[in-house]
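All remarks here apply to the structure that follows.
In the working numbering, the protein residues as written are 18 to 286.
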């Protein structure tokens with residue numbers, strides 16, 4: 018789990034750095050004279066080179082947005098809709114104003130002008146405050162790592178799961194296949210339950226099981242189809258172990274279940 022936390026930190030740091038470059042890029046695309054004047058105060062003769070190396074906001078934003086959405090789903094799910102709101106056009110919008118303008122409008126090159134008067138009513142720069150807010154939300158996600166409680170909870174849970182899986186392997190070694198599989202299933206169910214809790218996802222059933230957690234994670238696009246199928250396969254083996262019926266789970270099936278649970282814990286979070 019410590020490795021996962023470090024990976025999150027690294028991905029988040031890169032998103033913030035890329036966001037800062039895009040922030041400069043959109044300001045240059047909308048207000049080139051003003052931005053160049055500000056940059057020149059700091060960089061002097063290196064201003065032209067800096068401006069030249071800025072990314073294209075319209076070309077790079079969608080990639081940044083998609084990565085941000087993926088990260089927020091895992092780290093700060095309660096701010097996900099707010100983040101999207103700064104990009105998506107309001108569904109109830111009847112006219113484009115400075116208040117209702119969104120980044121999606123900017124990417125389509127939409128602006129509102131009064132041609133007869135030659136006045137721009139809503140310019141492309143109306144998207145800048147929305148992107149600034151998106152960067153602020155991404156930065157807020159880093160606050161989770163500043164809390165020792167976040168890391169302690171994750172590490173304690175990881176240690177608990179490791180201990181239970183070691184116990185399952187020991188049971189399998191002594192031919193207690195059903196007990197070993199049932200214990201591994203408990204670990205998988207607990208892990209998926211925690212993911213749903215972290216993402217504010219509530220299963221429809223009062224007492225959900227692996228399949229219920231699996232389905233809701235797929236619906237929320239927290240896992241892809243191959244992962245969903247793999248987890249369902251593990252759930253099927255777990256069901257063999259939980260019920261005293263034939264066919265008996267084989268040692269290989271239970272070993273596959275234990276190994277599969279280890280894989281899910283490391284790759285789905």
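Don't be surprised by glycine CBs; every beta carbon is placed ideally from N, CA and C.
Between the region 91-98 and the region 145-160, are three or more C-beta pairs nearer than 8 Å?
-> yes
Measure how close the beta-carbons of residue 257 and residue 270 come, nearest whole angstrom, since I'm counting them as under 8 Å.
-> Here residue 257 is taken as the residue at index 240 of the chain shown, counted from 1. Here residue 270 is taken as the residue at index 253 of the chain shown, counted from 1. Rounded, the Cβ-Cβ distance is 7 Å, consistent with contact.
Does the distance from the C-beta atom of residue 124 to that of residue 72 stay below 8 Å?
-> The count along the chain shown starts at 1 and reaches residue 124 at position 107. The count along the chain shown starts at 1 and reaches residue 72 at position 55. Cβ atoms of residue 124 and residue 72: not closer than 8 Å.
Run through DSSP, which three-state label would residue 240 get?
-> Residue mapping note: residue 240 aligns to position 223 of the chain shown, counting from 1. If DSSP states are grouped into helix, strand and coil, residue 240 belongs with coil.
Quick one, are the C-beta atoms of residue 188 and residue 200 less than 8 Å apart?
-> If you number the chain shown from 1, residue 188 lands on position 171. If you number the chain shown from 1, residue 200 lands on position 183. Against a cut-off of 8 Å, the Cβ pair of residue 200 and residue 188 comes out as a contact.
Can you tell me which of 236, 65, 75, 87 puts its alpha carbon nearest to the alpha carbon of residue 10?
-> This structure leaves residue 10 out entirely; the chain is present only between 18 and 286.
Where residue 136 falls: helix, strand or coil (DSSP) | Residue mapping note: residue 136 aligns to position 119 of the chain shown, counting from 1. DSSP places residue 136 in strand when its eight states are reduced to three.
What three-state label does DSSP hand residue 129 in the structure shown?
-> Within the chain shown, residue 129 is the residue found at index 112, counting from 1. The answer is strand: DSSP assigns residue 129 an E or B state.
Spatial distance of residue 142 from residue 232 (CA atoms) | As a working note, residue 142 is residue 125 in the chain shown. As a working note, residue 232 is residue 215 in the chain shown. Between residue 142 and residue 232, the C-alpha separation is close to 42 Å.
Span of the alpha helix (DSSP H), counted from its first residue to its last, around residue 260 | In the chain shown, counting from the first residue as 1, residue 260 sits at position 243. Residue 260 -> no alpha helix (DSSP H), and no H or E assigned at all.
Rounded separation between residue 276 and residue 45 - CA only = Numbered from 1 along the chain shown, position 259 holds the residue referred to as residue 276. Numbered from 1 along the chain shown, position 28 holds the residue referred to as residue 45. Cα to Cα, the separation comes out at about 52 Å.
Between which two residues does the alpha helix (DSSP H) harbouring residue 207 extend?
-> Taking the first residue of the chain shown as 1, we reach residue 207 at position 190. It spans 194-215 - the alpha helix (DSSP H) in which residue 207 sits, taken as one unbroken run.
Short check: CB of residue 248 to CB of residue 282, under 8 Å?
-> Within the chain shown, numbered from 1, the residue matching residue 248 stands at position 231. Within the chain shown, numbered from 1, the residue matching residue 282 stands at position 265. Taking 8 Å as the Cβ cut-off, residue 248 and residue 282 do not qualify as a contacting pair.
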